[in-house]
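> My structure is below; once you've seen it, I'll send some questions.
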Amino acid sequence: MGRELVIIWAGRHRRDRFGESIKDYQRRIRGHVPITDRWIKSRRSGDDERRKKDEGEALLAALPATSWVVAMDGGGRALTSRGFSDHLESLQERWPHAVVFALGSDLGLDPLVLERANEVLSLGPMTLAHELARLVLYEQIYRAMAIRSSINYHR
């Protein structure tokens with residue numbers, strides 16, 4: 010079994026729009042590696058820049074001290090599913106602690122989070138709603154596990 014994966018995400022609401030699908034992927038992923046989901050609640054009011062900075066500070070404060078941080082941002086490096094699978098496997102083999110994926114709210118990630126990150130990856134060139142991006146990330150993590158384990162899912 011690989012190192013723990015942590016999905017840390019900011020948002021004003023903990024909507025359940027994709028909740029059942031995320032729970033299904035969490036269950037599937039846990040068959041391969043421990044995974045934790047951490048919600049950072051955003052302030053509901055204030056100007057966008059202040060809110061984004063506050064979210065960034067809260068995300069940074071919630072990071073496990075020795076984690077490898079992968080910021081998920083549209084400006085990051087895009088990988089194929091197989092490339093992501095290989096990269097994740099390599100990270101889990103060489104990094105002795107948790108691998109953390111950080112997702113911003115509808116405002117994106119604060120520059121401080123991007124600076125702290127060990128790397129920045131993208132889910133693709135299209136803009137996704139942050140709730141949908143979280144679901145897509147879970148699906149891609151499971152797909153990576155399926156590729157590594159030769160499960161037919163990835164075909």
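So in my numbering, the last one in the sequence shown is 164, and the numbering has no gaps at all.
Ideal placement from N, C-alpha and C gives every residue a C-beta, glycine not left out.
As the structure is a prediction and not an experimental result, all values here were calculated from the model.
Taking 6 Å as the limit between beta carbons, can you name the residues of its chain near H41, skipping five residues before and five after?
Hits under 6 Å: M154.
> Closer than 7 Å by C-beta to L68: which residues in its own chain qualify, once you throw out the five before and the five after it? Chain order, please.
The residues are I17, A19, I49, A111, V122.
> Can you name the residues that DSSP bridges to R47?
Answer is I17, bridged to R47.
> Taking the DSSP output, what are the residues bridged to G131?
The question names Gly, but residue 131 in the sequence shown is Ser. Bridge partners of S131: A87.
> Mind checking S158: buried by the 16 CB within 10 Å criterion, or exposed?
S158 comes out exposed.
> For G65, which residues from the same chain have a beta carbon less than 6 Å from its beta carbon, with the 5 sequence-adjacent residues on both sides left out?
Answer for G65: D119, L121, V122, listed in chain order.
> Report all residues from its chain with a CB closer than 8 Å to the CB of M10; omit the five preceding and five following residues, and keep chain order.
Because M10 sits at a pLDDT of 48, beneath the cut-off of 50, its placement in the model cannot be relied upon, and the following sentence gives the value as read from the coordinates. So the qualifying residues of the chain are H41, V42, P43.
> For a quick check, are the C-beta atoms of Y34 and E148 less than 8 Å apart?
It is a contact, given that the beta carbons lie within the stated cut-off.
> Determine the contact status of H106 and R12, defining contact as a CB-CB distance below 8 Å.
In this structure, R12 lies closer than 8 Å to H106 by Cβ.
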